[in-house]
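K.L.:
One structure, as structure tokens, below. Some questions next.
Residue numbers (our numbering): 715 to 1166.
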């Protein structure tokens, strides 16, 4: 049996190879490092995982698709964007993961998201593999007609690579119900099939699931609540800071309120809002979901209890709980130090990899309960898988049933991460617990299916 030190040396060498083989992809390097630096105990303890080629296959996507997306704006000008779909690992089921439309999208970002998705999906226990896709298209400020033309062009290439038993995309940043509708319509038009399970996040009247829009935010709060329960506390009366103002942030704030906590912030790229009375959800939804406006409008219309801080760091606001719900690497080491000084008890990631590695280590060293995104924000993909199940059965579940299933899944994920961390001598370390638990499930399936 190899020692942990020998195993870690091998993993460190693999990380160097990953950086060499995937140049100029810092987000993917970061995601791979975050997982591989925790795997030495399990690889050393189970010789079959040290089999040459297993981890090397895990970090290499099964398929990477990149294509051009030409489209016309309302003035007739032609634009060309890049489209991506990285089908990372299908050992547990069809590839599953969202589509992100944002100017920051490139191959490295999609690979980081797809790699994270492997472990997140494994933790749900729902038989789905990991993948991710998107485009550097920016839907902000575009008309509905322009977004429709872009989505139709995007799907005209993507349809060749997806299917309800092959690869099932969903929404992510920049891809909501409007975009999913246009994408599904074009898929149906090209294929001449009503294949409801090919996309998730659909409208409730045509194959979508209740609670799907709320699922990521709700699930993150449920995971945070489980971490607090483990420490003998609950959410009642706690103050929370939430970043972002999109789907994840909105429903994080909603679930916090339902469980007795008070979210006092929201943000977007222009700055953040602090509302001493707690965020007014109806007003925030009106501004962000209906008007597609900026958060400064919230402060203007809310009254004296709210103020807008242009730029700045939402983490400067004192709180008991922090829930980063915007984008990757939004919470750095300095932010973590500020949160610790202000007495934060728990940080739970609603976005994908929103905390930098330095921030995570500092929070853990300070004894803050830290919920990594691959566990804490798995509620979205979990309900997507439940949407697929409803599509296969040609049925629709009640909101109560879906939320009950979501609560059960999130509590199971927490228990799995907590018990796995303890089993590998890392009590309370949810990062190690999530990585090892997800890895074990995927690795066992890969070994059983042979070298493919």
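Glycine included, C-beta positions come from ideal geometry on N, C-alpha and C.
1. Taking the DSSP output, what are the residues bridged to residue 1045?
2. Should the segment 944-961 be called in touch with the segment 970-988, which here means at least 3 C-beta pairs below 8 angstroms?
3. Candidates 1014, 745, 1129, 915: which alpha carbon is nearest residue 1142's?
4. So residue 844 packs on residue 811, CB below 8 angstroms; how close in whole Å?
5. Tell me the residue span of the alpha helix (DSSP H) that contains residue 801.
6. Which residue's Cα is closest to the Cα of residue 927: 1120, 971, 856?
7. Given a cut-off of 9 angstroms, decide if residue 804 and residue 776 are closer than it, judged by their beta-carbon atoms.
8. Would you tell me roughly how many angstroms separate the C-alpha atoms of residue 913 and residue 1095, rounded to the nearest one?
9. Is the segment 1044-1053 in contact with the segment 1099-1114, if contact means three or more CB pairs nearer than 8 angstroms?
10. Which runs of the beta strand (DSSP E) fall wholly inside the segment 996-1029 and span at least 3 residues, in chain order?
11. Compute the beta-carbon to beta-carbon distance between residue 814 and residue 887, rounded to the nearest angstrom, for a pair I have assumed lies under 8 angstroms.
12. Would you mind giving the Cβ-Cβ distance between residue 1064 and residue 1037, rounded to the nearest angstrom? I have them listed as a contact below 8 angstroms.
13. Whether or not the segment 889-901 and the segment 1024-1040 are in contact is what I'm after, with contact meaning three or more pairs of Cβ atoms, one per stretch, closer than 8 angstroms; do they touch?
14. Assign residue 1015 to buried or exposed, taking buried as 16 or more other Cβ atoms, counted over all protein chains shown, within 10 Å of its Cβ.
15. Going along the chain, which residues of its own chain have a beta-carbon closer than 7 angstroms to the beta-carbon of residue 754, five neighbours each way excluded?
16. Taking residue 936 as the reference, give the member of 923, 742, 1091, 1007 with the closest Cα.
17. Could you tell me the boundaries of the beta strand (DSSP E) in which residue 883 lies?
18. Alpha carbon to alpha carbon, how far is residue 932 from residue 763?
19. Would you call the segment 848-864 in contact with the segment 889-896, where contact means no fewer than 3 C-beta pairs closer than 8 angstroms?
20. Can you check the segment 900-986 for any beta strand (DSSP E) of at least 3 residues that lies completely inside it and give the ranges in chain order?
21. Taking Cβ to Cβ, would you say residue 961 is nearer than 9 angstroms to residue 917?
22. CB-CB under 7 angstroms to residue 729, same chain, minus the five flanking residues each way: which ones, in chain order?
23. Flag this pair as touching only if the segment 825-834 and the segment 1057-1071 have three or more C-beta atom pairs under 8 angstroms; answer yes or no.
24. Based on the DSSP output, what are the partners of residue 784 in its beta bridges?
25. State the CB to CB distance for the pair residue 1147 and residue 1135, rounded to an integer number of angstroms; the pair is presumed to be in contact (CB under 8 angstroms).
26. Determine the contact status of residue 837 and residue 1151, defining contact as a CB-CB distance below 9 angstroms.
27. Rounded to whole angstroms, how far is the Cβ of residue 799 from the Cβ of residue 773, which I believe are closer than 8 angstroms?
28. Does the Cβ of residue 1166 have 16 or more other Cβ atoms within 10 Å, making it buried, or fewer, making it exposed?
29. Could you have a look at residue 1035 and say whether DSSP puts it in helix, strand or coil?
30. Indicate, with yes or no, if the ligand FMN has a heavy atom lying under 8 angstroms from the CB of residue 932.
31. Just reading off the alpha helix (DSSP H) that residue 1144 is part of, what are its end residues?
32. What span of residues does the alpha helix (DSSP H) with residue 742 cover, start to end?
33. If distances are taken between C-alpha atoms only, which option among 981, 1012, 1025 comes closest to residue 996?
34. What are the residues that DSSP puts in a beta bridge with residue 868?
35. Specify, as a first and last residue, the run of the beta strand (DSSP E) that residue 849 falls within.
36. In angstroms with no decimal places, state the Cα-to-Cα distance between residue 789 and residue 817.
P.N.:
So, from the listed chains and residues:
1. 1069
2. yes
3. Taking each of 1014, 745, 1129, 915 in turn and checking the Cα distance to residue 1142, the smallest one comes out for 1129.
4. 6 angstroms
5. Element bounds for residue 801: not the alpha helix (DSSP H) but the beta strand (DSSP E), 792-803.
6. 1120
7. yes
8. A direct Cα-Cα distance of roughly 12 angstroms separates residue 913 from residue 1095.
9. no
10. Correct list: 1020-1024.
11. 5 angstroms
12. Rounded, the Cβ-Cβ distance is 5 angstroms, consistent with contact.
13. no
14. exposed
15. 718, 721, 722, 725
16. 1091
17. 881-884
18. 35 angstroms
19. yes
20. 953-956, 979-982
21. no
22. 746, 747, 750
23. yes
24. Per DSSP, 794.
25. 3 angstroms
26. It is a contact, given that the beta carbons lie within the stated cut-off.
27. Incorrect: roughly 18 angstroms between the Cβ atoms, too far for contact.
28. exposed
29. strand
30. Absence of the ligand FMN is noted for the structure shown, with no ligands found whatsoever.
31. 1144-1163
32. 740-750
33. 1012
34. Paired residues: none, contrary to the question.
35. For residue 849, the uninterrupted beta strand (DSSP E) run begins and ends at 843-849, by DSSP.
36. 21 angstroms
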